[in-house]
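Residue numbers are given in the numbering used here: position 377 of the sequence shown equals residue 378, and the series is strictly consecutive. Just so it is clear, CB atoms sit at the ideal spot from N, CA and C, and this is done for glycine as well. Structure record follows, encoded as structure tokens.
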Amino acid sequence: MTTAQTPSHDHILILDFGSQVTQLIARRLRESGVYCEIWPFNQADEKRIKAFNPRGIILSGGPRSILEKDAPVAPKIVFEMNVPVFGICYGQQIMVQQLGGRVESAHSREFGRAYVDVLKPSEITAGIWKKGAHEQVWMSHGDHVASLPDGFEVIAKSDGAPFAFIADKKRRFYGVQFHPEVVHTLRGRELLKNFTHNVCGCKGDWTMASFRAEQIEKIRKQVGKNKVICGLSGGVDSSVTAVLIHEAIGDRLTCIYVDTGLMREGESEQVVDLFRNHYNIPLIHEDACEQFLHALAGVDEPERKRKIIGSLFIDVFDACSTRAGGAKFLAQGTLYPDVIESVSFTGGPSDTIKSHHNVGGLPEDMKLELVEPMRELFKDEVRVLGRELGMPEDFIRRHPFPGPGLAIRIPGEITEDKLEILRKADTIYLDEIEKAGLYDEIWQAFAVLLPVKTVGVMGDTRTYEYVCALRAVTSTDGMTADYYPFEHEFLGRTATRIINEVHGINRVVYDITSKPPGTIEWE
Ligand code: XMP
């Protein structure tokens, strides 16, 4: 994390105090064309903040109480730089406390939907909340502000928070007890936009077209005349990375697609067709199906499966990259949520990087430098970039697919037969979802082949075949998820098709576990 990656655009600094929804603040800002970065509060010192040169600073919410001993606070410089500051929830309390006001523990906590009465106009509420209005917001707090620092006035109040919205118009400091970044604060997005555009004067010119042009320049500068290799997984992130880099350096990029044999129906063909035939990007398509199946023979323990797949993937990829010859750089589709250093108050490391046990994780001894042009983007922004690059829509809207592929959707031992059965069932399931127009509402949908056989009857014949479980979840980031509430009629129709059309399955069940306590995948 250094100074801003986009010096030609306005940027806002978000100091994170550990709220679960800090990332939403960043997303809301980016949606209105403002570049922003999230930094943990304890890693933002005066020098770095000054070098970042933000047009405004947002202080996030957080799980701690400002009344506790050693409660986290903002670096003093935040209030001394003569830039607007917006404190949200815990961020508001920090601001009040640090500027000489007082926070106290509330008699009644306020969680969830609440209403504020708008008492006065302000630059943030202009054109959104009128004086006298009663507006819906989302609260989540135990403490609240009890007295204001000099210069502040109350803009709105709620039953549980007499200082729900406060402002020091002269210094351009604002604080809200509620969370404008969550959708339940009905016009929260617009309030944030008023802060960035009206108060901070951001132009809102950070668009995907400008991002694309700037990244291309950056990639050219970083790579020079050298060669780059990029591993394709078939997923959106690595595909968009490859197309962007190809646009920057042309055929000095070679893509490597390791076919593990654990992909879904037609997936490998689609990847090869898109990259080799459509984009004419040099591609090494390595058919390693037999190697993977052989290495997995007889293995049924989930972690061992992952380890075997992970290490074999590295060996195969390494050999391919040697064949590609003399690359100095490795391109990766790392996204912003993977690199945000998260604030942890639970004793864990404060800079945990959320890596998803990814099969694409390559060893450091490959001695390649990394090119990661999407480090600043959220998943939905990658999709927008893909569209900007003219990539096919059915590629861009794809559900995520795990690196170990179908291996973690066949609990127990993996065989070629089981893979075939699962591919067929999965194809039918996704086909029905597409036909019902539900694909884009669902984060991930897939079939799982259980290592259990049950008795059935088809015609006059007794059958003894596998059980197939269907899984579909909604989620925003894969960290938590809810099962998708299909209509019974949809489930019935899909089950009938699978049982009729797939030899080897005679029973279908639907998984209604949320995450937590379950995980999305079955292994
Ligand atoms: P779980 O099963 O942990 O999955 O709830 C959360 C999200 O991560 C994906 N996933 C993986 N992705 N390599 C990946 O690239 C993996 O080993 C892996 N395991 C799970 C999963 O599909 C879901 O989107």
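>> Between K516 and ligand 1, is there a pair consisting of the residue's CB and a ligand heavy atom that are separated by less than 6 angstroms?
In response: yes
> Quick one, are the C-beta atoms of A162 and Q137 less than 7 angstroms apart?
Replying inline: no
>> Check for me: the beta strand (DSSP E) holding M459 runs from which residue to which?
In response: Q445 to M459
> Any heavy atom of ligand 1 closer than 6 angstroms to the Cβ of I521?
Replying inline: yes
>> Between the alpha carbons of G361 and C90, how many angstroms are there, rounded?
In response: Low confidence applies to G361: its pLDDT is 48, below 50, so where it sits in the model is not reliable, and the reading given next is rough at best. Those two C-alpha atoms are separated by around 39 angstroms.
> Just to confirm, does G232 get its C-beta within under 6 angstroms of one of the non-hydrogen atoms of ligand 1?
Replying inline: no
> Where DSSP assigns a beta bridge to K158, which residues make up the other side?
Replying inline: D118
> Can we say the stretch 487-502 touches the stretch 460-474, given the rule of at least three CB pairs closer than 8 angstroms?
Replying inline: yes
> For the candidate residues F491, A482, E488 and V503, whose alpha-carbon lies nearest to that of P518?
Replying inline: A482
> For L187, which residues of its own chain have a beta-carbon under 6 angstroms away from its beta-carbon, when the five flanking residues on both sides are left out?
Replying inline: Q137
>> Measuring straight from C-alpha to C-alpha, what distance separates L586 and F447?
In response: Residue coverage of the chain in this structure runs from 2 to 524, which leaves residue 586 outside it and unanswerable.
>> Given a cut-off of 7 angstroms on the beta-carbon distance, is the pair Q445 and P486 in contact?
In response: no
> By how many angstroms is the C-alpha of Y440 removed from the C-alpha of R398?
Replying inline: 9 angstroms
> Is P401 near ligand 1, in the sense that its beta carbon is under 6 angstroms from a heavy atom of that ligand?
Replying inline: yes
>> Suppose contacts are defined by Cβ-Cβ distances below 7 angstroms. Is E524 in contact with P303 by that definition?
In response: yes
>> Pairs of beta-carbons, one from the stretch 154-174 and one from the stretch 69-78, closer than 8 angstroms: are there three or more?
In response: no
>> Going by C-alpha to C-alpha distance, which of L407, G262, G225 and P41 sits closest to E370?
In response: G225
>> With distance defined between alpha-carbon atoms, name the residue in H504, P150 and A115 nearest to G102.
In response: P150
> Just reading off the alpha helix (DSSP H) that Y589 is part of, what are its end residues?
Replying inline: For residue 589 there is no data in the structure shown, the boundaries of the chain being 2 and 524.
>> Can you tell me whether E466 is buried or exposed? The criterion is at least 16 other CB atoms within 10 Å of its CB, across all chains shown.
In response: buried
>> Given a cut-off of 7 angstroms on the beta-carbon distance, is the pair I230 and T255 in contact?
In response: yes
> With 16 as the cutoff for other CB atoms within 10 Å, does A210 come out buried or exposed?
Replying inline: exposed
> DSSP on I58, reduced to helix/strand/coil?
Replying inline: strand
> Comparing alpha-carbon positions, which option in P122, R28 and F174 lies nearest L100?
Replying inline: F174
> Is it right to say R463 is buried, meaning 16 or more other beta carbons lie within 10 angstroms of its own, or is it exposed?
Replying inline: exposed
> Contact between the stretch 320-334 and the stretch 256-267: three or more CB pairs below 8 angstroms?
Replying inline: yes
>> Quick check on this structure: which residue in A147, K132, N43 and N199 has the alpha carbon closest to the alpha carbon of P85?
In response: N199
>> Taking 7 angstroms as the threshold (C-beta atoms), are H145 and Y116 in contact?
In response: no
> Going by the C-beta, is P374 closer than 6 angstroms to any heavy atom of ligand 1?
Replying inline: no
> Can the beta-carbon of V383 be found less than 7 angstroms from the beta-carbon of D238?
Replying inline: yes
> When DSSP labels each residue in this structure, what does E333 get in the three-state scheme?
Replying inline: The identity of residue 333 in the sequence shown is Gln, whereas the question assumes Glu. Looking at Q333 - three-state DSSP - the assignment turns out to be coil, as it is neither helix nor strand.
> From L30, E38 and G63, pick the residue whose C-alpha is nearest to that of A21; which is it?
Replying inline: Note that residue 21 is Gln in the sequence shown, not Ala. Measuring from the Cα of Q21, the nearest candidate turns out to be G63.
> If we ignore side chains and look at the alpha-carbon of each, how far apart do M375 and Y337 end up?
Replying inline: 7 angstroms
> Do you know offhand how far A107's Cα is from S515's?
Replying inline: 33 angstroms
> What's the C-alpha gap between I13 and A127?
Replying inline: 20 angstroms
>> My assumption, with CB atoms under 8 angstroms, is that P405 sits in contact with R307. Please give the rounded CB distance.
In response: 5 angstroms
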